[in-house]
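Report on one structure; see the data block that follows.
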Amino acid sequence: MTQFFQGWQHRELAMVLVLGLLSVMLWRAPMIGWIFYPFHLFGTFIHELSHGLAAILTGGEFRRFRVDYDLSGRAWSAGGIGWIISSAGYVGSALFGGFLMIITAHAVSARTVLALLGVALGVLCLIFVRNWFGIFSGLAIAGLLILAAERLNATWAYGLLLFLSVQMMLNALDSVFGLVWISSSRADVLTDARNMQLMTGIPALFWALLWSAISLTVLIIAVSVAFRRNSLYGVQ
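Residue numbering for the sequence shown follows our numbering, starting at 7 and increasing by one per position.
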């Protein structure tokens, strides 16, 4: 056990744990929780875009999506493989958060990543978003990411990107855990898990639990790869 923990980058791991703990404690606080709203909103964009990407990768068409002020969203697609598209929202969000955490921890230019995220989000919003709130909020977040890339020094850019990656992972877990509750108590609510039930006949709760397990696994793997000195990237 001691040898296992000797392989970790303790300072970076502690930073992630502190950020995660503070986020969980504060994001529902009445006077402070609004600070996290843009990060949760960004997570909704990632969720809906994951549906669209899955549609395209499985031979279908991504037509449009919307994001609303209450952090809900909806994506429209045609063709493709339905069960993959429905699963992609929650699983894709977790994978994105894990990927972001890994590249943040491995000597990738944080300013470059922030700029690329901003440009990509802005372009995708202009192409696919079809409601005014989604367009304006998406472009605002994109602009802030680009502005951060231009104005922040390397240290602050790294901190922001690390915070963003932690928020994406926590948001993915929070969303899918909420889905478990909805799937077990609200049969009248149409969700991705309910869509899977309609397609497969397997209860929505099963899919919610499966996606929760996948999201937790992604988090564990991402943290391990990102903050182990003997990781695949060979970072010392």
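Don't be surprised by glycine CBs; every beta carbon is placed ideally from N, CA and C. Quick caveat, the model's predicted, so the values are computed rather than measured.
Item	Value
Leaving aside the five residues before and after I87 along the sequence, list all residues of the same chain whose C-beta is less than 7 Å from its C-beta, in chain order.	T64
Take the Cβ of Y43 as the centre, count every other Cβ of all protein chains shown within 10 Å, and call the residue buried at 16 or more, exposed below.	exposed
Measuring CA to CA, which of G58, V73, Y75 is closest to E67?	G58
Counting Cβ pairs closer than 8 Å, one from the segment 92-110 and one from the segment 168-188, do we hit at least three?	yes
Would you check if the distance between the CB atom of W187 and the CB atom of V97 is smaller than 7 Å?	no
Quick check: the Cα distance between A60 and S93, rounded to an integer number of angstroms?	9 Å
Below 8 Å on the Cβ atoms is my guess for Y164 versus A116; work out the distance and round it to an integer in Å.	4 Å
Of all the options P209, V114, R34, A81, which has the alpha carbon lying nearest to the alpha carbon of A160?	V114
Alpha carbon to alpha carbon, how far is E156 from L211? Give it in angstroms, no decimals.	44 Å
Among the candidates S143, A111, I141, G95, whose CA atom is the shortest distance from the CA of N277?	The requested residue 277 is not part of the displayed model; the chain covers only 7 to 242.
Within the same chain, show all residues whose beta-carbon is closer than 8 Å to that of I38, passing over the 5 residues directly before and after it, in chain order.	L32
Output needed for Q12: all residues of its chain with C-beta closer than 8 Å, excluding positions within five of it in sequence on either side, in chain order.	Summary for Q12: the model assigns pLDDT 48, below 50, so the residue's position carries little reliability; its value from the coordinates is reported in the next sentence. For Q12, where only same-chain residues beyond five positions count, there are no Cβ hits under 8 Å.
Enumerate in chain order the residues of its own chain whose CB-to-CB distance from Y75 is below 6 Å, with the five nearest sequence positions on each side excluded.	F139
Which residues bound the alpha helix (DSSP H) around R117?	116-134
Can you tell me whether I52 is buried or exposed? The criterion is at least 16 other CB atoms within 10 Å of its CB, across all chains shown.	buried
Here's the rule: buried if 16 or more other CB atoms are within 10 angstroms of the residue's CB, otherwise exposed. What is I226?	exposed
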